[in-house]
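Colleague: Using the working numbering, the letters of the sequence shown correspond one by one to residues 43 to 191.
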Amino acid sequence: MIYCEDTQRAEEMREHRHDIEKIAAVITASGRPTTLDEAYDAWRSYSDSMCAGWMRVPDDDDDEIIYYAKSRLPDASAQDAFIIENDLLSYRDDIVRIAAALMADGRQVSLREAYQAWMGYSDSMCAGWMMLPETDREIANCASTYLGA
Numbered sequence: 043m044i045y046c047e048d049t050q051r052a053e054e055m056r057e058h059r060h061d062i063e064k065i066a067a068v069i070t071a072s073g074r075p076t077t078l079d080e081a082y083d084a085w086r087s088y089s090d091s092m093c094a095g096w097m098r099v100p101d102d103d104d105d106e107i108i109y110y111a112k113s114r115l116p117d118a119s120a121q122d123a124f125i126i127e128n129d130l131l132s133y134r135d136d137i138v139r140i141a142a143a144l145m146a147d148g149r150q151v152s153l154r155e156a157y158q159a160w161m162g163y164s165d166s167m168c169a170g171w172m173m174l175p176e177t178d179r180e181i182a183n184c185a186s187t188y189l190g191a
């Protein structure tokens, strides 16, 4: 049986309500007010990056929840921004090539948008940072799906 995304989300939110409430409470207590929807989206993103159905939420390790979920909230903290900036430096040549490939494909993107698109693609492949394909066309095809994601 195939579920639409909204139905699957609603079912998963009901099934994991206790986990989602805990994630929201822990992140809120850490200084970032968080809704249940944001908590769900953050943990779903983390679970997806680990190629898991739903990652177990630790009972006794709030730091782990903060580490894996807080960085995936819409407005990442300064520490999370530092991680992104560090990646922008580490993968600068790749990011410039990704941006150029996307621009050649008719999409105007910043280096940060190119980075975020490639990280989305890499996460979908359960990899930290995917090596770039040989051609710019392949790069643009892989990254364009994750623009704005």
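Ideal Cβ placement from N, Cα and C applies to all residues, glycine included.
Are Ile-140 and Trp-160 close, meaning C-beta to C-beta below 8 Å?
Modeller: yes
Colleague: Out of Met-173, Thr-49, Ala-66 and Ala-146, which has the shortest C-alpha to C-alpha gap to Tyr-110?
Modeller: Ala-66
Colleague: Just to confirm the assignment, what range does the alpha helix (DSSP H) spanning Lys-64 have?
Modeller: 59-71
Colleague: What is the rounded straight-line gap between the Cα of Ser-166 and the Cα of Cys-184?
Modeller: 10 Å
Colleague: Determine the closest residue to Tyr-157 out of Ala-146, Met-92 and Val-138, with distance taken between C-alpha atoms.
Modeller: Val-138
Colleague: Quick check on DSSP: helix, strand or coil for Arg-114?
Modeller: coil
Colleague: Quick one: residues in its chain with C-beta nearer than 6 Å to the C-beta of Leu-78, no 5 flanking neighbours on either side, listed in chain order?
Modeller: Listed in chain order, the non-local C-beta contacts of Leu-78 below 6 Å within the same chain comprise Ile-62 and Ala-66, local neighbours out to five positions each way being set aside.
Colleague: Looking at C-alpha atoms only, which residue of Tyr-163, Ser-89 and Ala-146 is the closest neighbour of Arg-179?
Modeller: Out of Tyr-163, Ser-89 and Ala-146, the CA that lies nearest to the CA of Arg-179 is found in Ala-146.
Colleague: Is Ser-152 buried or exposed, if buried means 16 or more other CB atoms sit within 10 Å of its CB?
Modeller: exposed
Colleague: Considering only the alpha carbon of each residue, which of Gly-190, Ala-142, Tyr-163 and Gly-162 lies closest to Thr-177?
Modeller: Ala-142
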